[in-house]
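For the sequence shown, my numbering gives the first residue as 657, with consecutive numbering after it.
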Amino acid sequence: MNSYRNNSNIKVGLFFVGLILIIGLLGYSNSIVNRLKDDNRDIVKLYSEIIAKTVNEDSDANLNFVFDEIIKKVQFPIIYSDDKNVPLYSRNIARIESPDQLRKPMGSMDRQNEPIPISYHDQISGQSIPLGFLHYGDSDLIRKLQWLPYLEIGVVSLFIFIGFMGFNSIRNSEKRNIWVGMARETAHQLGTPVSALMGWVDRLKHHPEESSHVVQEMESDLKRLSQIGSRFSKMGSQTILKSISLKDLVNRQTGYLKKRMPSLGKEIELTVSSSEDIYIEGNEVLLGWAIENVIRNGIDSIKGEQGTVEILMFSNDRNGIIHLKDNGSGILKKDWKNIFRPGFSTKERGWGLGLSLVNRIIDEIHHGEIRVIQSEIGKGTTIEICLKKSD
């Protein structure tokens, strides 16, 4: 429930962050557009003042210079009209053949920007005489900038949508693989005790005089089945760590596997050696599962009917260390890290879940480390597990 609530909070948070970014982008773009509009208006005001000063001169040379050399160089559309709003001159307006055709674009400009009046101040009479108006519109740069944020938002939204669909497809595929992998891992875990129980039942039918010994072994396998259920339940719950003997833990796992090795269809020599009794901080059920998985992985890597799996335990100042060495098919150097990732497997029918569960148990739950320290194709692999020693 908390996980679902956290996911919902993350989604809401991301939505508001995206909304703030969009508002900020639009606000910033609009501020730039408004500054450019103000610059255009200042330029047009300057032109109107120049025209007003030159219109009173005896010669029209300066006025012609204003229109031909100054106004022609502006980058935005501009129309000059008389005091009755009759268009007389234009610049940067395409497909105009007569002044009458300027009325429509002039009206559009007036809706965008208020026209700037041109007036002459008569110093003798003190009156201001209207000469005309300068009508101007937004430049191509301003229009492009106005649409740019929407274009950016559209492209980013499209990218996010495609990314989300791709991510969702990958996540659904991973979910399917995990569910199938978990089913196969469960079957793999149940396979040994169930096969053993079937063998003990058959043994009991043909040798009833061994019932006492057979029942003890069947009880051991039934406890194993109960332990498997406990393993899966502990993966999703808070794990309590306590001081446990690494030697006893490994011996229990190997002892169980040795008795049931014939059911695996191989003759495997499983050896354990330890220089000392090492105590580490761990969960006995999960660590037992992890060690068993690594041993089984080593056994599965042996292609022939015979092979060896050696387990060596020792320690340094801080950690208890296990080396698990097999003489199996080996792993390519480029895949030494990949084998611990979900979905990756070197087996033809593998789902890449076993060693990824081991990695989670060792790394995330016990804050230890598991890695391949040596491997050669056709000669075998050595995997190292480091676990923190108890105080």
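Here a beta-carbon is modelled for each residue, glycine too, at the ideal position from N, C-alpha and C.
{"Item": "For Gly911, which option in Glu932, Glu1025 and Ser876 has the closest C-alpha, if you only look at C-alpha atoms?", "Value": "Ser876"}
{"Item": "Between Leu804 and the rest of its own chain, which residues show a CB-CB distance below 8 Å, the 5 nearest in sequence each way excluded?", "Value": "Ser685"}
{"Item": "What are the boundary residues of the alpha helix (DSSP H) that includes Gln909?", "Value": "Leu902 to Lys915"}
{"Item": "Between which two residues does the alpha helix (DSSP H) holding Pro733 run?", "Value": "Taken as a continuous stretch (DSSP letters only), Pro733 belongs to no alpha helix (DSSP H), as it is neither H nor E."}
{"Item": "CA-CA distance, Gly986 and Ile818?", "Value": "40 Å"}
{"Item": "Just list the residues that DSSP pairs Val976 with in beta bridges.", "Value": "Contrary to the premise, residue 976 reads as Gly rather than Val in this sequence. Answer by DSSP bridge pairing, in chain order: Ser971 and Leu1043."}
{"Item": "Just mark Lys740 as buried or exposed, buried being the case when its beta carbon has 16 or more other beta carbons within 10 Å.", "Value": "exposed"}
{"Item": "Let me make sure I understand the geometry here. Which of Ile785, Asp794, Gly788 and Gln783 has the alpha-carbon closest to that of Lys748?", "Value": "The sequence as given places Asn at residue 748; Lys does not occur at that position. Considering only alpha carbons, the answer is Asp794."}
{"Item": "Any chance the stretch 901-910 sits against the stretch 861-876, with 3 or more Cβ pairs inside 8 Å?", "Value": "no"}
{"Item": "If you follow the beta strand (DSSP E) that Gln757 is part of, which residue opens it and which one closes it?", "Value": "No beta strand (DSSP E) contains Gln757, which DSSP labels as neither H nor E."}
{"Item": "Would DSSP call Asp794 helix, strand or coil?", "Value": "coil"}
{"Item": "To which residues of the same chain is Tyr792 closer than 7 Å at the C-beta, ignoring the five residues directly before and after it?", "Value": "Asn696, Val700, Phe732, Pro733, Ile734, Met765 and Asn769"}
{"Item": "Taking the DSSP output, what are the residues bridged to Cys926?", "Value": "Rather than Cys, the amino acid found at residue 926 in this sequence is Leu. Note: Leu926 sits in a beta bridge opposite Val965."}
{"Item": "State the Cα-Cα distance for the pair Lys981 and Thr1038, rounded to the nearest angstrom.", "Value": "4 Å"}
{"Item": "Can you tell me where the alpha helix (DSSP H) with Gln948 in it begins and where it stops?", "Value": "Per the sequence presented here, residue 948 reads as Glu, with Gln not at that position. It spans Glu940 to Ser957 - the alpha helix (DSSP H) in which Glu948 sits, taken as one unbroken run."}
{"Item": "Can you grab the Cα-Cα spacing for the pair Ile1050 / Asp694, in whole Å?", "Value": "The structure shown does not extend to residue 1050, since the chain spans only 657 to 1047, so no value can be given for it."}
{"Item": "Just verifying my parser: in three-state terms, what is the DSSP assignment at Glu873?", "Value": "helix"}
{"Item": "Within a Cβ cutoff of 7 Å, which residues of the same chain sit near Val673, ignoring the five residues on either side of it in sequence?", "Value": "none"}
{"Item": "In whole angstroms, what is the alpha-carbon distance linking Leu787 and Ile679?", "Value": "44 Å"}
{"Item": "Let's test the definition: count the other Cβ atoms within 10 Å of the Cβ of Arg827 and tell me whether it reaches 16, buried, or not, exposed.", "Value": "exposed"}
{"Item": "Which residues mark the beginning and the end of the alpha helix (DSSP H) in which Val1014 is found?", "Value": "Gly1010 to Asn1015"}
{"Item": "Who are the Cβ neighbours of Glu808 in its own chain at under 8 Å, not counting the five residues just before and after it?", "Value": "Leu681"}
{"Item": "What residue does the beta strand (DSSP E) around Ile772 start on, and which one ends it?", "Value": "Ile772 to His777"}
{"Item": "Tell me whether His1022 is buried or exposed, calling it buried when 16 or more other Cβ atoms sit within 10 Å of its Cβ.", "Value": "buried"}
{"Item": "Quick check on Gly810: does DSSP put it in helix, strand or coil?", "Value": "helix"}
{"Item": "What residue range is occupied by the uninterrupted beta strand (DSSP E) comprising Ser1031?", "Value": "Glu1025 to Glu1032"}
{"Item": "For Gly976 and Lys1044, I'd like the C-alpha separation in whole angstroms.", "Value": "6 Å"}
{"Item": "Residue range of the beta strand (DSSP E) that Pro606 falls in?", "Value": "There is simply no residue 606 to check, as the chain begins at 657 and stops at 1047 in what is shown."}
{"Item": "Based on the DSSP output, what are the partners of Pro786 in its beta bridges?", "Value": "Ser775"}
{"Item": "Which residue wins for smallest C-alpha separation from Thr895, given the options Glu937, Ile774, Ser851 and Ser971?", "Value": "Glu937"}
{"Item": "In three-state DSSP terms, what is Asp716?", "Value": "Bear in mind that the predicted position of Asp716 carries a pLDDT of just 49, short of 50, making it too unreliable to give a figure here."}
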